[in-house]
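Participant: One structure, pasted below without further comment.
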Amino acid sequence: MPVTDLGAFLAARRARLGPDDVGLVSHGRRRVPGLRREEVAVLAGVSADYYARLEKGRERSPSASVLDAVARALDLGPDAREHLFRLSGMPVDGRGPTTDRVDDDLRELLAEWPHLPALVVNRRLDVLARNTIADALHADFADTSNLARMTFLDPAGRTFFAEWPRAAESCVAHLRLALGHDTGDRRTVALVEELAAADDEFRLLWARQDVRGKTYEAKTFRHSAVGTLTLTYRAFDVRGSSGQQLLVYRPAPDSPSADAVRLLGMLTPAGRSTGGA
């Protein structure tokens, strides 16, 4: 029987934990890294045979309580736990179907923020809308339609993202989360295949089975026109538009990055107009 998406996920996450990580005593050297299936079963409170069937794709209807127990045993974070539920066919929330149409009111709101870069993305990291200062922030890229392509395929990506490995890991984990929402989404599958064919590092990161949504960590960018700037950002789910998130970047007040963002504003059409250029 071929390995299922659920089985591949469980096996990869099991391989990343050692006995010491979960409070178990290790006896002797192990031929392969990670926990044994029997150990995960003990931690989850299920039989070894049941867990083996789950990982091999022979158990297709696990209960929510079993999935919760397995998530705890594998030390899964909130995003990875939701991913586990989706791969198992279990409902996670009651939100409606996804859409790529950005509401006109939200587009107007973006336009009313001339001093903070802001954009709307979907789960696949397609950029659905952005304001003019966000355009200026990403001016070094040839194609700004998808954040993952910008990170892996555009030569500017490895310069623009000052901590490129962290940006790459975040992108891949986000795409894994997106595919968990809809494993049959052809556009997401095609994007993953495109990136895997083009970039060795993407393939390695994809095999790790990391699952994570947007975080609030500061990001440092190198911009060809305004230099280095460090921005924090917030991600907001767009109510009524399942799968969409509004990202808003901001610098620390009275910082060199704040000066750089003001320079970015001068590079936008509105900024040049108010500056009298």
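If you use the numbering used here, the sequence shown corresponds to residues 7 to 283, in order.
Ideal Cβ placement from N, Cα and C applies to all residues, glycine included.
Bear in mind the structure is a predicted one, so any value in this text is a computation, not a measurement.
#1: Taking buried to mean at least 16 other C-beta atoms within 10 Å of its own C-beta, is ASP85 buried or exposed?
#2: Quick check on this structure: which residue in ARG107, VAL9, LYS225 has the alpha carbon closest to the alpha carbon of ASN128?
#3: Does the beta-carbon of SER176 have 16 or more other beta-carbons within 10 angstroms, so that it is buried, or is it exposed?
#4: What number of angstroms, rounded off, separates the C-alpha of LEU16 from the C-alpha of ALA75?
#5: Does the Cβ of THR274 have 16 or more other Cβ atoms within 10 Å, making it buried, or fewer, making it exposed?
#6: Could you name each continuous beta strand (DSSP E) segment of 3 residues or more that falls completely within the region 43–98, going from the start of the chain to the end?
#7: Assuming ARG20 contacts GLY40 under a Cβ cut-off of 8 Å, what Cβ separation, rounded to an integer in Å, is found between them?
#8: I'd like the span of the alpha helix (DSSP H) that includes ALA202, first residue to last.
#9: Which stretch, first to last residue, makes up the beta strand (DSSP E) that contains THR234?
#10: For ARG130 versus LEU197, is the C-beta spacing smaller than 9 Å?
#11: So, at 6 Å on beta carbons, what are the nonlocal neighbours of ALA168 in its own chain, with the 5 sequence-adjacent residues on each side left out?
#12: Could you tell me how far apart the beta carbons of HIS89 and GLY186 are, in whole angstroms, since I believe they sit closer than 8 Å?
#13: Hey, quick one: how far does the beta strand (DSSP E) through LEU252 stretch, first residue to last?
#14: Among residues of its own chain, excluding the 5 on either side of ARG240, which ones have a beta-carbon nearer than 7 Å to its beta-carbon?
#15: Taking DSSP's pairing of strands, which residues face LEU125 in a bridge?
#16: Determine the burial state of SER71: buried for a count of at least 16 other Cβ atoms within 10 Å of its Cβ, exposed for fewer.
#17: If I measure Cβ to Cβ from ASN152 and keep anything under 8 Å in the same chain, skipping five residues before and after, which residues do I get?
#18: Roughly how many whole angstroms lie between the Cα atoms of GLN251 and LYS220?
#19: Quick check: the Cα distance between ALA283 and LEU235, rounded to an integer number of angstroms?
#20: In this structure, how does DSSP classify THR221 when only helix, strand and coil are distinguished?
#21: May I ask you to report which of helix, strand or coil DSSP gives PHE227?
#22: Closest by CA to LEU60, which one among PRO25, THR10, ARG256?
Facilitator: From the atom records:
#1: By the neighbour-count rule (16 or more Cβ atoms within 10 Å), ASP85 is buried.
#2: Nearest of ARG107, VAL9, LYS225 to ASN128, Cα basis: ARG107.
#3: SER176 should be labelled buried.
#4: The alpha-carbon atoms of LEU16 and ALA75 are separated by roughly 13 Å.
#5: Classification for THR274: buried.
#6: Counting only runs of 3+ residues, no beta strand (DSSP E) is found wholly inside the region 43–98.
#7: Rounded, the Cβ-Cβ distance is 5 Å, consistent with contact.
#8: Annotation: the continuous alpha helix (DSSP H) that includes ALA202 extends over 192–204.
#9: Segment 233–243, the beta strand (DSSP E) holding THR234.
#10: Closer than 9 Å, so yes.
#11: Excluding positions up to five away in sequence, the list reads THR226, ARG228.
#12: With a Cβ gap of about 4 Å, HIS89 and GLY186 count as contacting.
#13: Taken as a continuous stretch (DSSP letters only), the beta strand (DSSP E) holding LEU252 covers 251–256.
#14: If we look at ARG240 and ignore the five residues flanking it on each side, its Cβ neighbours are TYR222, VAL254.
#15: DSSP lists ARG136, LEU253 as partners of LEU125.
#16: Under this definition SER71 is an exposed residue.
#17: Answer for ASN152: ARG130, LEU131, ASP132, VAL133, LEU197, listed in chain order.
#18: If I take the Cα positions, the gap works out to 9 Å.
#19: Its pLDDT being 29, under 50, ALA283 is placed unreliably by the model, and the measurement read from it follows with that caveat. Taken atom to atom, the span from the alpha-carbon of ALA283 to that of LEU235 is near 24 Å.
#20: Under the three-state reduction of DSSP output, THR221 falls in the coil class, being neither helix nor strand.
#21: Strand at PHE227.
#22: Ranked by Cα distance from LEU60, the options PRO25, THR10, ARG256 are led by THR10.
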